[in-house]
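Here's the structure we're looking at; comments come further down.
Protein chains: 4
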Amino acid sequence: MIIELKESVQKAQAEKLSIAYQALLFQENGKYILVTPFKQKNITPEVESLAQRVTHTSSDIQLASKDFRAQKRTITIGEITIGGNTQNTIVITGPCSVESEAQITACAELCVKTGVKILRAGSFKPRTSPYSFQGLAEEGLQLLHKIRSTFGLQIITEVKDSSHVHQVIEYADIIQVGAKAMYDQAILRACAKTQKPVLIKRGFGSTLQEFVQAAEFVLSGGNPNVILCERGIRTFETKTRFTLDLCGVSWLKENTNLPIIVDPSHAMGFAYGVSDLCRAAVAMGIDGVLIETHPNPATAQSDAEQQLTFEQFTALHKSLQPIAAAINYRIV
Amino acid sequence: MIIELKESVQKAQAEKLSIAYQALLFQENGKYILVTPFKQKNITPEVESLAQRVTHTSSDIQLASKDFRAQKRTITIGEITIGGNTQNTIVITGPCSVESEAQITACAELCVKTGVKILRAGSFKPRTSPYSFQGLAEEGLQLLHKIRSTFGLQIITEVKDSSHVHQVIEYADIIQVGAKAMYDQAILRACAKTQKPVLIKRGFGSTLQEFVQAAEFVLSGGNPNVILCERGIRTFETKTRFTLDLCGVSWLKENTNLPIIVDPSHAMGFAYGVSDLCRAAVAMGIDGVLIETHPNPATAQSDAEQQLTFEQFTALHKSLQPIAAAINYRIV
Amino acid sequence: MIIELKESVQKAQAEKLSIAYQALLFQENGKYILVTPFKQKNITPEVESLAQRVTHTSSDIQLASKDFRAQKRTITIGEITIGGNTQNTIVITGPCSVESEAQITACAELCVKTGVKILRAGSFKPRTSPYSFQGLAEEGLQLLHKIRSTFGLQIITEVKDSSHVHQVIEYADIIQVGAKAMYDQAILRACAKTQKPVLIKRGFGSTLQEFVQAAEFVLSGGNPNVILCERGIRTFETKTRFTLDLCGVSWLKENTNLPIIVDPSHAMGFAYGVSDLCRAAVAMGIDGVLIETHPNPATAQSDAEQQLTFEQFTALHKSLQPIAAAINYRIV
Amino acid sequence: MIIELKESVQKAQAEKLSIAYQALLFQENGKYILVTPFKQKNITPEVESLAQRVTHTSSDIQLASKDFRAQKRTITIGEITIGGNTQNTIVITGPCSVESEAQITACAELCVKTGVKILRAGSFKPRTSPYSFQGLAEEGLQLLHKIRSTFGLQIITEVKDSSHVHQVIEYADIIQVGAKAMYDQAILRACAKTQKPVLIKRGFGSTLQEFVQAAEFVLSGGNPNVILCERGIRTFETKTRFTLDLCGVSWLKENTNLPIIVDPSHAMGFAYGVSDLCRAAVAMGIDGVLIETHPNPATAQSDAEQQLTFEQFTALHKSLQPIAAAINYRIV
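Residue numbers (numbering that gives the first Met the number 0), protein chains in the order written: chain Y, 0 to 331; chain W, 0 to 331; chain D, 0 to 331; chain B, 0 to 331.
Pasting the structure below:
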């Protein structure tokens, strides 16, 4: 249960209650909020008198639930706002990995040219083989930092384990929690200590329930700026890399208050299907799409098969606005 | 390998070759076509001299492959044509099951009112429990027959096992092979003997390879009018009934020459997500959608949770044309 | 709910009740049994007076449930009995397909030599490609019939669709409903009209609930002799053909009253793992195992990779008795 | 490719080659070993002259492959040895979480009483909800340390993220990399710096290929003592918590040189099936089993449903020896 305490309740008293209820405690807009396991339903008269509102939920999807907050959360990234009643769909693009200054500069120029405001690129790559390219690490983060100043773009980059979470938090405008790191509580708790937007990718073996519970780690630590990203789940079908779960996106829209971004590139795993799937996602009315592009996909050091060329991306980008318009959304 | 024989080759000779090659044989546009297992690559000089064209494929997706026929097949249903270069997306709607004359008449009126040309409804229901409603069987088929004449609609209805396949073939304008019957070769072979369009639903545990191979049973038996229908696969996610595999749809578009219809109703299993998913599918550029509607979903004898009300369907239908237009398609 | 009527209740009265309750009706040991959907809980005073016992279950697993019959059912196959409190584990072996008289005779000789009492072999093969070997059909059934007389073996053979179900029922001692036919109600209902044992293979995309509900079709039609066979489910793992679900076997043992047989050959898909998996299954305390063997697996016309040689099978068979003995079971 | 350098090759030269080949480098038994991506097949005459042996593999399963080392690795834990040709199957038991000194002492006493040499218990719990019990952390590790001295047991405990990996490495006799942390390279690389045995649990959404590649991170960092643990994968079946993949265990036995331990408790998720599944695993000929036990499962703070009572465990343990003996193994 979620207990929103009155504005008059002081820190010491809130902490006392937190201990008594074995509840998580954080502050939002000057007020203290306690969260207990959802099965805990008892509330003493004392707490009742201190509470502004008490919300019961049917599972440990609590702060992210429509029960707690009926309207979708609004998240601000630079000059862009998504969620709430904005009807904005943001486009994010860039390569899988930062590979060189020339490569990332080319991608930044593509963004500027197409009007894309947010550049994506990974510096710490969660590869499954130790013998594959592992990313440029700190050096990649510095290249991204330079690109941001030069081109005025927002940067989203991935944290793959907690050993470098603080570096990523420092450098990124949006912190991406990778699919393979979705259960990493050290990352999630670190992300809760900042107010920067956190995009959590769904683990490819994770249920929707677990996915949203990962968001709860960040929300209940005091950072309300969480975005969910569907990027495909693992199924028996292997002709495509993963299976994009748009039924899951419908469920998330119906049941949570978090903005949703869809990544068709990782789901499909092959460039040929990315544009169709991206258009499909946009037609659902979502808050953003994340598309991998590369100046020369054939030479990419990771995810070579799924990255779009600049020409493919430009054509795709152009096709999105009419679809968004058809459902009263807008590409930003 | 597919051996298209010259027009001059007579039946007796074609049959002799068919035996020699252990190949399937059928006739299309007056010419005989032989299909051997794809691994069979040897061709005698005699056959070479009789063949107009020989096609090698990389798997037993042969007649359905782009290698055999680069352009998507065109299929005619009443006055409507889909596939080929028509850029048409057909809308099919109706209840899960025929329940009564009043109910099916109401659905037919909805079709007329919204401009939908094809009515769907099941008479033989492949329920997983013997204690659930099993459909009206023959009686349902007769009701559908009456509706067709009265309202001038095309009828699609499902065959669930081979015991009633001939009745369905007789009554339906489009024969639907249900997801649970996708491997039923007695059904598939019976469907090969007619020239009516056959819509094959993907089994929820079936790979794309197996799905298209089911179509090969019909195609290689001499019926070229096969439509594939993606309707959700079974995955670990259980918040939704199935997982709609739009990555798979991309793969089918890229690799096969068959028209593709998407059924978001069975995939989602809940009415709330159907409209968004339907719009997503249309934005991909597909040949049709199949939507369950019911005059009063709460009282439906099967699939109660996923059927749209007439109001929901009417709003959905209206929203599809602008999306189709955005990608140069047309709702028919 | 299951209503077991008193012995005194006559057919006409039972049928009247069956209509009033929309219940399935069958006769067992001279008494009539009605089964309604499990959610139906109301019972009139009249019925109460006619009922010997009424059983409520928590799902449409009714006749197969421990609630209805706490002890496992006993099934007799020739001179062998499995289930009940016999602690017998039966071994069944033979090739995937009947290919020739020489081949099936060799397999029968292997059975005789190792003490195996039941021979398996398919005549109608549910291949996913029309261009693969489809089985010898009727001719195969006649070969199996001949083998039975010659060698005194029991025969289990598969029905893949309802077009030949009556032939299989006539020829087989145990009717095998194939995994791809598990939802085929025409087959299941035909199997309900005989008293021969029916072995139902779990569909590889089927839940345990659906699997047992397939058995309900046979049980509620009046044939109490149903055996369940776990043969692997389809998962994201593709290094092996399927994933043998022994957790599922535990669930079936705990929740149903049906004998259980495990087929490690189809699950694994490669000969190298079959023996280990077979020993694993036997160590759980089950009612039987089904192992594919072939005089020369490399030349087999179907499932070549997973069939054991006679040497491998003989060694495996020898190793099973001590394992069975360790848990107080016996290989028969 | 794996290049084992001659004993005469010095560090500086090995490092130079490592850079030239972009290869990972580590030392084993005084010799340097280089590992390049498996696709790299070129070898200069210079390297050829310095190499004792070069191994090519068909995937990035390299150091763990049978191609590199045909015999299973031997691993020593206290006085016990598993793997190699020992035919030993080790039993590990204990609670899901350390909850209190009394609780963990009771479990240690159970070990002593039944002859179990290794106690398992988690201190850092990777729960999917932030509102669930998260483990005693450091305090739990100290309790385990105390137990080790008092009872002379070996301790296996889990690391869930890289923030506490060094503490776990310090306290544990066997470091358990949890299923949710299997892709965490900071953990894997830290485990490579010690020589303590590392048990890697398979992620429930991870392929066998990825699972063994996780081991490659540890092996290629210089720690040869890796054990694989199968603990169930996530499938469409939800009657049980996960699906124990014993087909996968067969594949691992056939293709890798790493000892294998099976955890039936997490796979099943319910106490009732654990004993049967444990017996199944032992009958396959594996290197160990990992069983959750608790003095009072009903009150457990995590995994309450799947932990065995002491009575259940004692009965299970007793039943294992005859099964192991039947296949020439021994419970240790």
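Even glycine gets a Cβ: it sits at the ideal position worked out from N, Cα and C.
DSSP beta-bridge partners of residue i
i        : result
W/Ser148 : Looking at the DSSP assignment, W/Ser148 forms no beta bridge with any residue, so it has no partner.
D/Arg119 : D/Ile155
B/Val288 : B/Val90, B/Val261
D/Ile79  : D/Ile76
B/Asp244 : D/Asp244
W/Leu336 : The shown model of chain W, from 0 to 331, leaves out residue 336 of chain W, and the question about it has no answer.
D/Leu357 : There is simply no residue 357 of chain D to check, as chain D begins at 0 and stops at 331 in what is shown.
Y/Ser96  : Y/Gly121
B/Thr255 : B/Ser64
D/Thr237 : Answer is none; D/Thr237 lacks a bridge partner.
B/Arg329 : B/Asn87
Y/Ile52  : The sequence shown places Arg at residue 52 of chain Y, not Ile. The partner list for Y/Arg52 (beta bridge, DSSP) reads Y/Glu3.
B/Ser232 : As written in the sequence, residue 232 of chain B is Ile, which differs from the Ser given in the question. Note: B/Ile232 sits in a beta bridge opposite B/Thr242.
Boundaries (first-last residue) of the alpha helix (DSSP H) holding residue i
i        : result
Y/Gln12  : 10 to 19
W/Val347 : Since the displayed chain W opens at 0 and closes at 331, residue 347 of chain W lies outside it and no answer follows.
W/Ala299 : Run containing W/Ala299: none; DSSP gives neither H nor E here.
W/Gly29  : No alpha helix (DSSP H) contains W/Gly29, which DSSP labels as neither H nor E.
Y/Leu135 : Careful: Y/Leu135 lies outside any alpha helix (DSSP H) and carries neither H nor E.
W/Ser274 : 270 to 282
Exposed unless 16 or more other CB atoms sit within 10 angstroms - verdict on residue i
i        : result
W/Gln184 : buried
B/Thr298 : exposed
Y/Ala171 : buried
B/Glu14  : exposed
W/Lys159 : buried
B/Asn222 : buried
W/Asn87  : buried
B/Ser7   : exposed
D/Ala69  : exposed
D/Gly268 : buried
D/His165 : exposed
W/Ile2   : buried
B/Thr206 : buried
D/Lys252 : buried
Partners in chain D for residue i, counting only beta-carbon separations shorter than 7 Å
i        : result
Y/Thr234 : Phe235
W/Lys200 : Ordered by position in chain D, no residue passes the 7 Å Cβ test against W/Lys200, which lies about 12 Å from the chain.
Chain Y contact residues for residue i, given Cβ-Cβ distances below 9 Å
i        : result
B/Asp302 : None at all; the shortest Cβ gap to chain Y is about 16 Å.
Enclosing beta strand (DSSP E) for residue i [first to last residue]
i        : result
Y/Cys228 : 225 to 229
B/Ile1   : 1 to 4
Within chain W, the residues that residue i reaches when beta carbons sit closer than 7 Å
i        : result
D/Phe216 : Pro129
D/Lys179 : Tyr182
Within chain W, the residues that residue i reaches when beta carbons sit closer than 9 Å
i        : result
D/Leu23  : Pro129, Tyr130
D/Gly204 : Gly202, Phe203, Gly204, Ser205, Ile232, Arg233
Neighbour list for residue i in chain D, Cβ cutoff strictly below 9 Å
i        : result
W/Lys159 : Tyr182, Asp183, Gln184, Ala185
B/Ser7   : Under the 9 Å cutoff, chain D gives no residues; its nearest Cβ is about 40 Å from B/Ser7.
Proximal chain B residues relative to residue i, where beta-carbon distance stays under 9 Å
i        : result
Y/Ser219 : Pro129, Tyr130
**Request:** Go through the region 170 to 209 of chain Y residue by residue and report every complete run of the beta strand (DSSP E) that reaches 3 residues or more, in order.
**Result:** With a minimum length of 3 residues, the continuous beta strand (DSSP E) runs that stay inside the region 170 to 209 of chain Y are 173 to 176, 197 to 200.
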